[in-house]
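In order, the protein sequence lines correspond to chains A and B.
Quick note: the first sequence uses the working numbering, first residue 771, plus one each step.
Quick note: the second sequence uses the working numbering, first residue 302, plus one each step.
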Amino acid sequence: MLWSLGKDSNVMIWLARKAFLGRVPFPVFHLDTGLEFPEVYAFRDRYAAEWRLDFTSFPCPPLEHVDPSLPKDARLAGRKSLGVSSVVDTFRLRGLIAGIRRDEQPTRAKERVFSPRGAANIWDFRDQPPEFWDLFASNYPFGTHVRVHPLLHWTEVDIWRYIARESIPVCSLYFAKEGRRFRSLGEIGITHAISSSAATVADIIAELSATTAPERAGRSMDHESEDAFERLRTSGYL
Amino acid sequence: MMLPGPKSTDDQAIPIVIVGHVDHGKSTLIARLVHDAGGFTDGKVAELQAVSDRRGTDFEWSFLLDALQVERDQAITVDSTQVRFALQGRQYLIIDAPGHHEFIRNMLTGASQAVGAVLVVDATQGLAEQTKHHVMLLKFLGHKQIIVVINKMDLVGFDQAAFAALSVSVNNYCSTSGIAVAASVPVSARHGDGLFSQSDRLAWYVGPTVAESLAMFSISPAPVDRPVRFPVQDVYRHGDQRILVGRLDSGCMAIGDQVVLCPTGRTATITGFFDENGLSSRTDAKAGESVAIALDHELFVERGHVAASVAAPPSLATLLKARVVWLDAEPLKAGAEYILRVGTATHVVLVDSINRLFDFDHQVDQITDAVHQYAVAEISLRTRVPVPIDPADDGAVLSRAMLLSGHRVVGACLLQSGERRAVVSSNLTAVIQSVSRDERAARNGYRGAVIWFTGLSGAGKSTLAMALQRELFDRRVGVYVLDGDNVRHGLNHDLGFNEADRLENLRRVAEVARLFADAGLIVITAFIAPTVGIRTLAREIVGAEFHEVYVDADLATCEARDTKGLYAKARRGEIKDFTGISSVWEPPMASDLAVPTSHQSIADSLGLLVDYVERRVLGARKVYDFSHFDGIEETS
Chain A
771 MLWSLGKDSN VMIWLARKAF LGRVPFPVFH LDTGLEFPEV YAFRDRYAAE
821 WRLDFTSFPC PPLEHVDPSL PKDARLAGRK SLGVSSVVDT FRLRGLIAGI
871 RRDEQPTRAK ERVFSPRGAA NIWDFRDQPP EFWDLFASNY PFGTHVRVHP
921 LLHWTEVDIW RYIARESIPV CSLYFAKEGR RFRSLGEIGI THAISSSAAT
971 VADIIAELSA TTAPERAGRS MDHESEDAFE RLRTSGYL
Chain B
302 MMLPGPKSTD DQAIPIVIVG HVDHGKSTLI ARLVHDAGGF TDGKVAELQA
352 VSDRRGTDFE WSFLLDALQV ERDQAITVDS TQVRFALQGR QYLIIDAPGH
402 HEFIRNMLTG ASQAVGAVLV VDATQGLAEQ TKHHVMLLKF LGHKQIIVVI
452 NKMDLVGFDQ AAFAALSVSV NNYCSTSGIA VAASVPVSAR HGDGLFSQSD
502 RLAWYVGPTV AESLAMFSIS PAPVDRPVRF PVQDVYRHGD QRILVGRLDS
552 GCMAIGDQVV LCPTGRTATI TGFFDENGLS SRTDAKAGES VAIALDHELF
602 VERGHVAASV AAPPSLATLL KARVVWLDAE PLKAGAEYIL RVGTATHVVL
652 VDSINRLFDF DHQVDQITDA VHQYAVAEIS LRTRVPVPID PADDGAVLSR
702 AMLLSGHRVV GACLLQSGER RAVVSSNLTA VIQSVSRDER AARNGYRGAV
752 IWFTGLSGAG KSTLAMALQR ELFDRRVGVY VLDGDNVRHG LNHDLGFNEA
802 DRLENLRRVA EVARLFADAG LIVITAFIAP TVGIRTLARE IVGAEFHEVY
852 VDADLATCEA RDTKGLYAKA RRGEIKDFTG ISSVWEPPMA SDLAVPTSHQ
902 SIADSLGLLV DYVERRVLGA RKVYDFSHFD GIEETS
C-alpha cells in the first residue's frame, strides 16, 4: 500500500486496519522525494509507529532520471512515477494499493478499481478490463502488476466526512493558520496553500460545500500543459 | 452499484448513465448539464476554451469529460467517465458511456453502476446501430425505464413533426425490447435548449426538461428485508475461533441468529461481531455493511462460501442457465472452459450449450455455435461442484456473474435458472468408509493433506518436493511425492501434451492426490500447473485440505538455470507448448505460501516450507493460534 501521508491515504490505511481487524497485513511504502514538508515527516514517523505499520520509506530516483521533455513542475512530480516503478521492481510487487479518486482529475476519472499495468508499468487506457457489479478481474500476466484503487469513487468531501466520523488523524497543514491552509498536499515548491479560515474538520466540510475552486488548484504540475498529467499517468504516475 | 461510499443514502449521489450511438452528443449533453447547474470548477471554461483553440475548433463542451488526448484529437469517447453535480438539493453522478461499437465493454462498465439511464438520439440520424445495442444492454442490466433525449434539434430547425416521428419510433423500439420510456425530451445540448428550462425555440413542447426528468430516478434502499446473503471474503483465525469477514449483501444478522453455510449445508449460530479493537459491542448488522462474525462451532468455511438464512437459502446448481453479454474478441464456443465468478466464489465452468442468440435488429432468436463479441445470448454452463445461486432474482448478488478466460474478463452473466445434476453415474452407490478421516487423523496425529506446488519449469519444484518429503519422512510423517515421472509413465501414459491432455493429466493427479490424502498421507505434487483454471480445479477436487505453494522464480532465472536444457530447446522451437515461452503461464496471486527461490538457498526455501507445514498442516489445531488479538492475521 502506498502512503502519500495525505488525507486520502490516511483514510485508506484506516480502512485497511478495520478490514484486517486492527493490523495492516501488507507492507506500506512512502515514496520519498526528500521534499515533503517537515510537518509531513513528523506525521509519518508518529503514525507509522502508532499504527504499527510494516513501513518502508522508499527514496525516489533523482530528477536527472525523469523525462526532460515534461514541463518543469510535472518533471518534479515525475520523480514519483519513477519511484512507483522502482518500488514495484525492487520488491517484485504484484499489486499496489493506492488512494487516488475519480473526482480529483479527469484522467483519474477514467480509472478502474483494479487497474492492470503492462510491462514497463504502462497504463493502457485504451484497453481497460471491464468491471461490473462489484466483480473484478484479479489475476494478471506474469511481469505485470495491478494498481488497486479502493477510494476511486469517493469524493473530497466524502473523505473529510469519514475523517470526522472516525476521528482519523491528518497532518496539521490541512488546517488554516494565519488565513492559509493546504487543500492538497504535495512536495515543497510545487504545492501551494490556499486562502482559508477552516481550522477544524467541520470547517473544512463547510468550506468544501460552498467552494467552486478545484481541489488540485494548488498543484502547479496540473496546469502547466494540457497533457502533462496524462503523460505522467501513462508512464506510471498515480 | 460499486463499492458503497461512507455516506448515508440521503446525500448519496444518484448514478445515471448517458448512453447512445457515437456522435449523437452524449459528452456535450453532460458537460452542458454540469455547466448550467453551476457545477464547473473555477477556470474550467477558460481551460476548455484553450484546449478547443489549440485544436482550431469552436468551444467544445465534450472536452470536459473526454480528457484523454486521443479522445480530444479524434473527438470520440474511449472510456467511461464520471462527473458529479447538484440539482435542487439532489446529488447526481453522471456516467458518460462511449457510443462506439469498439468500446461496448466500457459502456457496460459505466452502465452497470447506474440506477437510471438517459438515451441520447441525434434528431438528424434517428435510431442507429449502437442506439439499439445500448437499449438491449440496458435491458440486460435490469433497467426498466429510461429517459430519451432527442438531441441536435437545432439541426432540424426545432421541428415539432420531426421530433414526434422520431420519438414514436424510439418508443416503439424500446417497448419491444421491454423497456418503458418515461419521457422523451427535445433538446439542443450545444445551445442549452430543453436542459433546464423550456426554450422559446421549443415552445410547442409540453413535458419535462432533462433536469426535471432526472428527478424520477432514485436509489433503492439496501435490501434489509430480504433473506441473508453474506458471501465470505475471507476467514481469519483468532485463537481457536474462526472469524468470517465480508459484506452483508442482503438481510440482517444478529447475535443468536442461525445461518446455513452454502454449499456445505452446515448450520451455525452467530456468537459475536469483531472489529479492529477485538470483540465488538455491535449486536447486529444490516445489508450493505462489511462485518466480521464469529460462529458457535468450527465448520469448514472458505472464501466463496455464502452464509445465508436457514429459512431461505440460495439454491445449489451444477447446471446453470445464464444470459451472457460476450465481451471478448475471441468468440464464446460450446464446449469451452471458463472461470465463473459469482459473489466471492470462483468456479471452473464448461459451456454445455448455446441455447439462443438475441439479435437487436430483428429481435428474433437465432441458433448458433458461437457467440461473438458484444452479442447477447442464453447459454448453459456446467460446474464440477454445486454453486449457490439466486437465479432470476433482480439485482441479487448471487444472480450476477463474471466470466473469465485466463487473465481476461470475457463475459457478464445473469443467472436465469439452475438445476442440480448428479455428476457420477447412477449405477455407483457411495460406500461409507469403515474408517473415517477423523479416526485416521486421530491415530496419525495429523490430517492427510495435499501440498500443491506450482511454478515454472526450473523454479525448483521437484528439488524442494524431494527435500520436503525427506524432511517429513524423517519426522515419521507419511508422505508421498506425485510428479511427472511417476505419473506420466503409468497412470497417464495415454496422455500427450496438448492443452486438453495437460488438463486431464492434472485432473487425474488431483483425484489421486485426494485419495492419498483421504488415506491419511501428506501428498506433495510437483507439476507446473500453469493456469488459474487448473489450480482452481485441483482445489475443488481436493477440497479443504488443499494448500497451494507458489515456487516462485521468474522466467529469466529459470531460463538462466535451464538445468535440463529445456528452455534452450523451446527457444529453438524444438519443444512446442513450453510454459512461459510458447504456452501460457498465469502466476498465482493468492497462494497459501510463496517460496521465492530466485534469491535464496534451497535450505532457506525448505525452511519456509517446513515452517508452513508444521503450522498449517501438521499442527492443524494449533496452527491458527494468533493468540493475542493485535496479532490477528489472515490464514486462508
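We treat Cβ as the ideally placed atom computed from N, Cα and C, and that holds for glycine.
{"Check": "With Glu-740 of chain B as the anchor, note down where its alpha helix (DSSP H) starts and where it stops.", "Outcome": "738-745"}
{"Check": "Taking C-alpha atoms, which residue in B:Lys-453, B:Val-711, B:Cys-553, B:Thr-684 lies nearest to Ile-405 of chain B?", "Outcome": "B:Val-711"}
{"Check": "Under 8 angstroms by Cβ, that's how I've got Val-421 of chain B and Gly-321 of chain B pegged, so tell me the actual separation to the nearest angstrom.", "Outcome": "4 angstroms"}
{"Check": "Give the DSSP bridge partners of Pro-564 of chain B, in chain order.", "Outcome": "Pro-564 of chain B is not bridged to any residue."}
{"Check": "Name, please, each residue of chain C whose Cβ falls closer than 8 angstroms to the Cβ of Glu-1000 of chain A.", "Outcome": "Here chain C cannot be found, since the structure's protein chains are A and B."}
{"Check": "So, is Gln-559 of chain B buried or exposed, given that buried needs 16 or more other C-beta atoms within 10 angstroms?", "Outcome": "exposed"}
{"Check": "Please check if any C-beta of chain B sits within less than 8 angstroms of the C-beta of Glu-926 of chain A.", "Outcome": "no"}
{"Check": "Just curious, the beta strand (DSSP E) that Phe-341 of chain B is in, first and last residue?", "Outcome": "No beta strand (DSSP E) holds Phe-341 of chain B; DSSP gives it neither H nor E."}
{"Check": "Should Gly-959 of chain A and Arg-989 of chain A be called a contact, given that it needs their Cβ atoms to be closer than 8 angstroms?", "Outcome": "no"}
{"Check": "Counting only Cβ-Cβ distances shorter than 9 angstroms, please list the residues of the segment 833-853 of chain B near chain A, keeping chain order.", "Outcome": "Val-833, Asp-853"}
{"Check": "Could you pull the start and end residues of the alpha helix (DSSP H) that Leu-867 of chain B belongs to?", "Outcome": "867-872"}
{"Check": "Considering only residues of the same chain and omitting the five flanking positions on each side of Thr-803 of chain A, which have a CB-CB separation below 6 angstroms?", "Outcome": "Cys-830, Arg-849, Glu-957"}
{"Check": "Distance, Cα to Cα, Met-408 of chain B vs Lys-880 of chain A?", "Outcome": "12 angstroms"}
{"Check": "Look up Gln-542 of chain B in the DSSP assignment and give the residues it is bridged to.", "Outcome": "B:His-539"}
{"Check": "Within its chain, find whatever has a CB closer than 7 angstroms to the CB of Leu-620 of chain B; leave out the 5 residues flanking it on each side and keep chain order.", "Outcome": "Asp-653, Ser-681, Arg-683, Gly-719, Glu-720, Arg-722"}
{"Check": "Let me check understanding here. Comparing Cα to Cα, which of B:Tyr-537, B:Ser-470, B:Ser-478, B:Gln-461 lies closest to Arg-502 of chain B?", "Outcome": "B:Gln-461"}
{"Check": "Determine which residues share a DSSP beta bridge with Val-643 of chain B and list them.", "Outcome": "B:Ala-646, B:Ala-702"}
{"Check": "Out of B:Val-914, B:Ala-483, B:Gly-644, B:Val-486, which one is the CA nearest neighbour of Arg-748 of chain B?", "Outcome": "B:Val-914"}
{"Check": "Taking the alpha-carbon of Arg-864 of chain A as reference, which of A:Ala-980, A:Ala-812, A:Val-918 has the nearest alpha-carbon?", "Outcome": "A:Val-918"}
{"Check": "Hey, Pro-615 of chain B and Pro-689 of chain B: beta-carbon distance below 8 angstroms or not?", "Outcome": "yes"}
{"Check": "Answer with yes or no whether the minimum CB distance from Asn-656 of chain B to chain A is below 8 angstroms.", "Outcome": "no"}
{"Check": "Between the alpha carbons of Ala-946 of chain A and Ile-974 of chain A, how many angstroms are there, rounded?", "Outcome": "9 angstroms"}
{"Check": "Please name the residue, chosen from B:Phe-518, B:Phe-798, B:Tyr-868, B:Lys-865, that lies closest to Arg-391 of chain B on a Cα-to-Cα basis.", "Outcome": "B:Phe-518"}
{"Check": "What does Leu-409 of chain B reach in chain A if we use C-beta pairs closer than 7 angstroms?", "Outcome": "Pro-900, Phe-902"}
{"Check": "Between Ala-895 of chain B and Ala-612 of chain B, what straight-line distance do the alpha-carbon atoms span, to the nearest angstrom?", "Outcome": "41 angstroms"}
{"Check": "Pull out every residue of the segment 938-970 of chain A whose Cβ sits closer than 7 angstroms to any Cβ of chain B, in chain order.", "Outcome": "none"}
{"Check": "Could you check whether the Cβ of Tyr-537 of chain B sits closer than 8 angstroms to any Cβ belonging to chain A?", "Outcome": "yes"}
{"Check": "Could you check what DSSP says for Gln-375 of chain B in three-state terms: helix, strand or coil?", "Outcome": "helix"}
{"Check": "Tell me the residue span of the alpha helix (DSSP H) that contains Asn-806 of chain B.", "Outcome": "800-819"}
{"Check": "By the 10 Å Cβ neighbour count, where 16 or more other Cβ atoms means buried, how is Gly-761 of chain B classified, buried or exposed?", "Outcome": "buried"}
{"Check": "So which of B:Ala-623, B:Pro-487, B:Val-607, B:Ile-396 has the shortest CA-CA distance to Thr-425 of chain B?", "Outcome": "B:Pro-487"}
{"Check": "In this structure, how does DSSP classify Gly-988 of chain A when only helix, strand and coil are distinguished?", "Outcome": "helix"}
{"Check": "Applying the 10 Å Cβ sphere with the 16-neighbour rule, what's the burial state of Glu-820 of chain A?", "Outcome": "exposed"}
{"Check": "With DSSP run on the structure shown, which of helix, strand or coil describes Phe-464 of chain B?", "Outcome": "helix"}
{"Check": "Does any residue of chain A bring its CB to less than 8 angstroms from the CB of Thr-755 of chain B?", "Outcome": "no"}
{"Check": "With a threshold of 8 angstroms between beta-carbons, can Leu-562 of chain B be considered close to chain A, or not?", "Outcome": "no"}
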